[in-house]
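Numbering (numbering that gives the first Met the number 0), first residue to last: 0 to 192.
Read the structure below first, then the notes.
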Amino acid sequence: MKLYFATQNKGKQQEVNKVLLPYGIEVVPLEIELEEAITGTIRTIAEQKLAQAVAIGVEPIMVEDSGLFLTAYPKFPGILSKRIFERIGYRGFEKLLVGEKRTAWFEGVIGLAFRGKMAFFHAKTEGSMVDPFPPQPQPEPGLPFDPIFIPDGETKVTQQLSIERQMYHSYRRKALEQMIHWMKEVKDDESLC
0 MKLYFATQNK
10 GKQQEVNKVL
20 LPYGIEVVPL
30 EIELEEAITG
40 TIRTIAEQKL
50 AQAVAIGVEP
60 IMVEDSGLFL
70 TAYPKFPGIL
80 SKRIFERIGY
90 RGFEKLLVGE
100 KRTAWFEGVI
110 GLAFRGKMAF
120 FHAKTEGSMV
130 DPFPPQPQPE
140 PGLPFDPIFI
150 PDGETKVTQQ
160 LSIERQMYHS
170 YRRKALEQMI
180 HWMKEVKDDE
190 SLC
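Next up, the structure:
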């Protein structure tokens, strides 16, 4: 089965492929520019993105929105994670955390249009920001926080973990597994797996 994924983020595309391919789902990236609000929640932004994606006229189609949240700064950077990171970079984030709690979490929402229905799947990964930040982080494309985020239960940043451990902690994987479960219920056909 083919599933369209409206994103330009190569890192997200690769991770989604790793999760869905074993279920026989081929992810087809639709590299389209979706308008992203600068207010609201991750859920409301995923809803807005899905409405835009559905208007393209292909189905099934999914979107995703996610963000990093710092305990020291409620709701920040959250939905603005990408924009804030592009503006202040690693050194800016490190300065924000001087003398502050370093606990943090990622939250993500996947929106899916499938067989005329829309559904949303939320997941979270808790952890903390590494102290100190590496001198020159080298992130994978589209995954700028992997060199500075340590998932709970680990001693290394996400980027240094094995693929298996990365997937174990991935909020995106958790949301995708919820999505697959929902798709099976809608499809009422075990041939999806």
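Beta carbons: idealized from backbone N, C-alpha and C, even for Gly.
- Proximal residues to A103 (C-beta, below 7 Å), its chain only, five neighbours per side dropped: Excluding the 5 residues flanking it on each side, A103 has same chain C-beta neighbours closer than 7 Å at L67, F68, L69, T70, G126, S127, M128 and F148, in chain order.
- Query: Between the Cα of I31 and the Cα atoms of V15, L49, S80 and I37, which residue gives the shortest distance?
  - Reply: Answer by Cα proximity: L49.
- Message: Just to confirm my understanding: we take L200, look at its own chain, exclude 5 residues before and 5 after, and list those with CB closer than 8 Å. What are they?
- Response: With the chain running from 0 to 192 in the structure shown, residue 200 is simply not present.
- Task: Enumerate in chain order the residues of its own chain whose CB-to-CB distance from G77 is below 6 Å, with the five nearest sequence positions on each side excluded.
- Result: Contacts found: G66 and F68.
- Message: If the criterion is Cβ atoms closer than 8 Å, does the pair L175 and V18 meet it?
- Response: Taking 8 Å as the Cβ cut-off, L175 and V18 qualify as a contacting pair.
- Rounded separation between H121 and P134 - CA only: Cα to Cα, the separation comes out at about 33 Å.
- T38 versus R86: straight-line alpha-carbon distance, rounded: In a straight line, the C-alpha of T38 is about 17 Å away from that of R86.
- Message: I'd like to confirm the pairing. Which residues does DSSP put opposite T102 in its beta bridges?
- Response: Answer by DSSP bridge pairing, in chain order: S127.
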